[in-house]
Amino acid sequence: MKKVTLSLLSAALLSAVSLSSQAQEYMFTYSKLFTHMKQNASEGHDDVKVGFFFTNADTNKLCEIEKAWMEKEEHYEELEISPYQEVLVPLDNNLRSANPLVFVDTPQDQRCDFSMVVMTKQPMSGQVSYQQIENLLPQMQSILEELGGIFASWFTPDVEGVTLEFANALNSQIHFSNGTVKPIVDGKVQIALSEIGESGYVTLPEPTARILPYLPNAK
């Protein structure tokens with residue numbers, strides 16, 4: 707993820723923070739989320755999207771979402787949370803016009819930072835080919851640049867591979883078809899496309915939780 711630009715976007719999205727006796731509560735306007743989430747429906751982004759998460763500021767691990775919902779006047783709608791703690795906000799032009807408030811509750815005993823990431827829409831498992839990874843990279847590059855604004859293509863680092871994340875801080879290995887292995891440490895491993903080889907593949911020990919861009923030259 708392009709750290710500078712997306713951290714600024716995250717700061718702009720976060721409208722207010724309040725504490726209750728049970729949870730730490732974050733509030734957004736739907737229209738601000740929609741501005742970036744609309745990339746998910748853009749042509750050429752068939753396999754990637756913008757995802758919304760909260761990350762523990764001390765451990766950098768994903769925070770558990772206790773509850774998320776939208777409300778405006780008498781209208782209320784609870785939002786789904788994925789098994790991997792993504793806040794699933796519906797993409798809807800009518801909601802954009804109505805512009806409800808979006809609330810997210812996280813554990814009170816944690817400081818959770820808003821995290822907007824570029825990720826694949828679907829997990830991967832088993833054997834993953836060079837071509838499957840190759841197909842993702844221009845889509846990830848495009849959506850990063852579009853999120854960054856009109857001049858982003860000048861300074862967005864190249865997406866050279868993928869960062870695979872697995873549930874439960876998995877410690878294991880991925881196996882390359884050329885016989886090499888690479889460790890998964892605390893549920894994460896980064897793979898450059900060049901490591902796989904054009905006719906190669908990698909074998910994963912279990913389905914991924916998230917697949918993010920790998921930007922080795924990011925500052």
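Its first residue numbered 707, the sequence shown is counted upward by one per residue in the working numbering. C-beta atoms are modelled at their ideal positions from N, C-alpha and C, and glycine is treated no differently.
Spatially closest choice to residue i from the options, by CA coordinates
i                 : options                           : result
leucine 853       : Phe734, Val756 and Ala747         : Val756
asparagine 877    : Asn884, Lys888, Glu786 and Ser883 : Lys888
leucine 870       : Asp864, Ile890 and Met733         : Ile890
leucine 843       : Phe820, Val868 and Ser821         : Val868
serine 835        : Ser900, Glu786 and Asn799         : Ser900
methionine 822    : Phe760, Tyr732 and His781         : Phe760
aspartate 819     : Asp892, Met733 and Gln837         : Met733
threonine 914     : Asp892, Gln838, Gln828 and Glu840 : Gln828
phenylalanine 872 : Thr886, Gln833 and Asp892         : Asp892
serine 905        : Arg916, Tyr920 and Asn884         : Asn884
tyrosine 920      : Gln847, Phe740 and Thr886         : Gln847
Status (buried if at least 16 other CB within 10 Å, exposed otherwise) for residue i
i             : result
alanine 898   : exposed
alanine 875   : exposed
serine 788    : exposed
glutamine 730 : buried
histidine 742 : buried
glutamine 845 : buried
CB contact flag (residue i, residue j, <8 Å)
i              : j              : result
threonine 826  : valine 908     : no
isoleucine 880 : valine 895     : yes
leucine 768    : methionine 830 : no
alanine 763    : valine 810     : no
asparagine 800 : proline 863    : no
leucine 794    : asparagine 746 : no
histidine 751  : isoleucine 849 : yes
Sheet register partners of residue i (DSSP bridge)
i              : result
alanine 763    : Looking at the DSSP assignment, alanine 763 forms no beta bridge with any residue, so it has no partner.
histidine 781  : Lys778
threonine 826  : Val754
arginine 916   : Glu871
valine 795     : DSSP, once it has assigned bridges, lists no residue as partnering valine 795.
isoleucine 819 : The sequence as given places aspartate at residue 819; isoleucine does not occur at that position. Paired residues: Thr761.
lysine 744     : Answer is none; lysine 744 lacks a bridge partner.
threonine 812  : Gln730
proline 889    : Gln879
Residues of its chain near residue i, where Cβ-Cβ distance is below 6 Å and the 5 sequence neighbours each way are ignored
i                 : result
methionine 776    : Glu783, Pro806 and Val808
phenylalanine 882 : Val908
phenylalanine 740 : Arg802
Neighbourhood of residue i by C-beta distance below 7 Å, restricted to the same chain and skipping five residues each side
i           : result
alanine 666 : Because residue 666 is not part of the residues shown, which for the chain are 707 to 925, the question remains open.
Cutoff 8 Å; reference residue i; Cβ partners in own chain excluding five residues on either side
i              : result
isoleucine 771 : Phe760, Ile787, Gln791, Val793, Val810, Asp811 and Thr812
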